[in-house]
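**Q** Counting with the working numbering, you get residues 6 to 357 for the letters of the sequence shown. Dropping the structure in here first, questions after.
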Amino acid sequence: MTEDLQSIVEGARRAFAQAATPAELENAKAQYTGKAGRITELMKGLASLPVDEKKTRGAAINVAKQAIEGALGERRQALADAELAGQLKAEALDVSLPGRGREPGGLHPVSLTLERIELIFASMGFDVADGPEIESDWHSFTSLNNPPNHPARSMQDTFYVDIDGEDGIPYNLRPHTSPMQVRYAHRHVKQHAAAVAAGQPMPEIRVICPGRTYRVDSDATHSPMFHQCEGLWLGENVSFKDLKVVFTDFCRTFFESDDLALRFRPSFFPFTEPSAEIDIQFQSGPLAGRWLEVAGSGQVHPAVVRNMGLDPEKYIGFAFGMGPDRLTMLRYGVNDLRLFFEGDIRFLRQFR
Ligand code: DAH
6 MTEDLQSIVE
16 GARRAFAQAA
26 TPAELENAKA
36 QYTGKAGRIT
46 ELMKGLASLP
56 VDEKKTRGAA
66 INVAKQAIEG
76 ALGERRQALA
86 DAELAGQLKA
96 EALDVSLPGR
106 GREPGGLHPV
116 SLTLERIELI
126 FASMGFDVAD
136 GPEIESDWHS
146 FTSLNNPPNH
156 PARSMQDTFY
166 VDIDGEDGIP
176 YNLRPHTSPM
186 QVRYAHRHVK
196 QHAAAVAAGQ
206 PMPEIRVICP
216 GRTYRVDSDA
226 THSPMFHQCE
236 GLWLGENVSF
246 KDLKVVFTDF
256 CRTFFESDDL
266 ALRFRPSFFP
276 FTEPSAEIDI
286 QFQSGPLAGR
296 WLEVAGSGQV
306 HPAVVRNMGL
316 DPEKYIGFAF
326 GMGPDRLTML
336 RYGVNDLRLF
346 FEGDIRFLRQ
356 FR
């Protein structure tokens, strides 16, 4: 290769080496092998040379051209490699980072309470039953000695569904779990009908019915959806004393304190007579000294026993309805009921 060609090739190599991007490289290339590039111009100049000179000069230019194209190819590859390396680095995955993982979930505080209630009552021989949240008027009210137009109906501000029941009265979102008393008793009576007809005694009804309940109510201590747990103990020889023992036992186990006083305060419910509100009082801790209402209760009204399909002269017992939400607030020291239903993970994870 002649000196001029040699210097052109070296110039090209330098220009290519300086090109920092593929675009710069293509610009540099255009100056050598492009339409008006130095090599292209030399090729055009061949035309004016004598034939034998044309041959050697042409071959030499070709060698230079190939050298330039070789250098270009190398540089292209180098730039592509660098770009790939940069990309890989930018998208690097640091496998030594600790994973984000998934935290184990936990039960909702009210679910924890319901579980606890079920466990304690099950240990005292109570069955646990579930029932519909959309109820008929008869089950929610009438069967519980609370007929249409009775003033006691206004004790619960009830949600109604836009569908009439068989009696022509709209279905309701049950405002309490009490309808389960009658539903469960019917099931129980049916289940033991054959044995009773054969002269055997009917086993006692001993059941709790936890579940969701609904009322038109909303503030720091009331939510339109809340929980209740109904209790029913009915037999030939069940007395108010049994209610006192069972409920006192339950409260002391639930709150893990023998230092807990109970008070049965006279009250009214259409489905019990006599009726009582059950208050508890802690003897120590932040709530000590105050009477706190936790349940309604009473001896099941004869009219309700009759609606269960049983003879009120023969069967007697008691019922109670408590608020698991309230019990949860007392147990964990929560002062706003709404926290339970907002789904704020910062609140909920404290109970995990
Ligand atoms: N159902 C009542 C309410 O929602 C609570 C209640 C009171 C239930 C007395 C009972 C009972 O079983 O005997 O306020």
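The beta-carbon is built from N, C-alpha and C at its ideal position, and this holds for glycine as well.
Name the residue from M129, K70 and N32 whose alpha carbon lies nearest to the alpha carbon of E46.
**A** Measuring from the Cα of E46, the nearest candidate turns out to be K70.
**Q** Hey, would you say the C-beta of S148 is under 6 Å away from at least one heavy atom of the ligand DAH?
**A** No, the beta carbon of S148 sits no closer than 6 Å to any heavy atom of the ligand DAH.
**Q** Determine the direct distance from the alpha carbon of R336 to that of F356, and round the result to whole angstroms.
**A** If you take the alpha carbons of F356 and R336, they lie about 12 Å apart.
**Q** Report the CB separation of Y219 from F274 in whole angstroms; it is logged as a contact under 8 Å.
**A** That belief does not hold up - the Cβ atoms of Y219 and F274 are roughly 18 Å apart, past 8 Å.
**Q** Can you tell me where the beta strand (DSSP E) holding Q161 begins and where it ends?
**A** Neither: Q161 is in no beta strand (DSSP E) and is coded neither H nor E.
**Q** Along the alpha helix (DSSP H) that carries G50, what are the first and last residues, could you check?
**A** Note, G50: alpha helix (DSSP H), R43 to G50.
**Q** Are the CB atoms of F255 and I125 nearer to each other than 7 Å?
**A** Closer than 7 Å, so yes.
**Q** Pick out whichever of D349, T182 and G130 has its Cα sitting closest to the Cα of S145.
**A** The shortest C-alpha separation from S145 is found at T182.
**Q** Among residues of its own chain, excluding the 5 on either side of Q359, which ones have a beta-carbon nearer than 6 Å to its beta-carbon?
**A** The requested residue 359 does not occur in the structure, where the chain is confined to residues 6 to 357.
**Q** Write down every uninterrupted run of the beta strand (DSSP E) in the stretch 185 to 227 whose length is 3 residues or greater and which is fully enclosed by it, in chain order.
**A** The stretch 185 to 227 contains these whole beta strand (DSSP E) runs: 210 to 219.
**Q** Run the proximity test for F231: is its beta-carbon closer than 6 Å to any non-hydrogen atom belonging to the ligand DAH?
**A** Outside the cutoff, so no.
**Q** For a quick check, are the C-beta atoms of A293 and N150 less than 7 Å apart?
**A** No.
**Q** Counting only runs of 4+ residues fully inside the stretch 254 to 319, write out the alpha helix (DSSP H) ranges in chain order.
**A** Whole alpha helix (DSSP H) segments, 4+ residues: 307 to 312.
**Q** For the structure I just gave you, are there three or more beta carbon pairs, one from the stretch 322 to 332 and one from the stretch 224 to 235, closer than 8 Å?
**A** Judged by Cβ distances under 8 Å, the stretch 322 to 332 makes contact with the stretch 224 to 235, as three or more pairs qualify.
**Q** Please state whether DSSP places D86 in a helix, a strand or coil.
**A** Correct three-state label for D86: helix.
**Q** With C-beta atoms as the reference, is V212 less than 7 Å away from D284?
**A** Going by C-beta atoms, V212 is not nearer than 7 Å to D284.
**Q** Using DSSP with H/G/I as helix, E/B as strand and the rest coil, what is H232?
**A** Three-state result, H232: strand.
**Q** Tell me which residue opens and which closes the alpha helix (DSSP H) that N177 is part of.
**A** Element bounds for N177: not the alpha helix (DSSP H) but the beta strand (DSSP E), P175 to L178.
**Q** Is there at least one Cβ from chain C nearer than 7 Å to D167's Cβ?
**A** The displayed structure is made up of one protein chain only, and chain C is not part of it.
**Q** Could you check whether the Cβ of F325 sits closer than 6 Å to any heavy atom belonging to the ligand DAH?
**A** Yes, the Cβ of F325 comes within 6 Å of a heavy atom of the ligand DAH.
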